[in-house]
Amino acid sequence: LTRASEAVALLPAGLGLMASTFLAANAQCRIRVPEPLDGHCTARAFAMSLAGGESMQALLAGPRRDEATAAFVGLAVPFIGWLLLCKSTVALAHVDPHPGNFRWDANSRSLWVLDWGS
Numbered sequence: 006l007t008r009a010s011e012a013v014a015l016l017p018a019g020l021g022l023m024a025s026t027f028l029a030a031n032a033q034c035r036i037r038v039p040e041p042l043d044g045h046c047t048a049r050a051f052a053m054s055l056a057g058g059e060s061m062q063a064l065l066a067g068p069r070r071d072e073a074t075a076a077f078v079g080l081a082v083p084f085i086g087w088l089l090l091c092k093s094t095v096a097l098a099h100v101d102p103h104p105g106n107f108r109w110d111a112n113s114r115s116l117w118v119l120d121w122g123s
């Protein structure tokens, strides 16, 4: 996440501090997107590889809520901000960024972004 610090700077103080702390302690974290499956995509259907990890929505409601909150605020929120701030230069946006469209894989330290829609 090359511009995470720019997006983090725009967050309210408490969230910005949480995001900055998470990013500093987890520099090896990655943001991943499932890959299209060759031979399975058409003009009407788009098949992708399986994402790893667990549903961020379920994690936020469960006993690992603190870990999920830190990952969501530290990676997903800056990522969404980066997409919004840089949309004009990268022509990429996620229009439905709720916790159900993210998965956290604690083993690989990866945040999976799902449901890019149309």
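For the sequence shown, counting from 1, position 81 maps to 86 in the numbering used here; every step adds exactly one.
Just so you know, even glycine gets a beta-carbon here, dropped at the ideal spot from N, CA and C.
{"Query": "Rounded C-beta distance between A73 and L64? I'm assuming under 8 Å.", "Result": "4 Å"}
{"Query": "Under 8 Å by Cβ, that's how I've got P39 and A56 pegged, so tell me the actual separation to the nearest angstrom.", "Result": "5 Å"}
{"Query": "By a C-beta neighbour count over all protein chains shown, 10 Å radius and 16 as the cutoff for buried, is R108 buried or exposed?", "Result": "buried"}
{"Query": "CB L119 to CB A76, shorter than 9 Å?", "Result": "no"}
{"Query": "In the DSSP output, what is I36 paired with across the bridge?", "Result": "L116"}
{"Query": "Going by Cα to Cα distance, which pick from R69, S54 and A48 is closest to S60?", "Result": "R69"}
{"Query": "Please go through the same chain and pick out, in chain order, the residues whose beta-carbon is closer than 6 Å to the beta-carbon of G105, but skip the five residues on each side of it.", "Result": "Q62"}
{"Query": "Whole angstroms is fine: what's the gap from C46's alpha carbon to R37's?", "Result": "20 Å"}
{"Query": "Given F51, which residues of its chain have a CB within under 7 Å of its CB, disregarding the five upstream and five downstream residues?", "Result": "P41"}
{"Query": "Between G44 and M53, what straight-line distance do the alpha-carbon atoms span, to the nearest angstrom?", "Result": "11 Å"}
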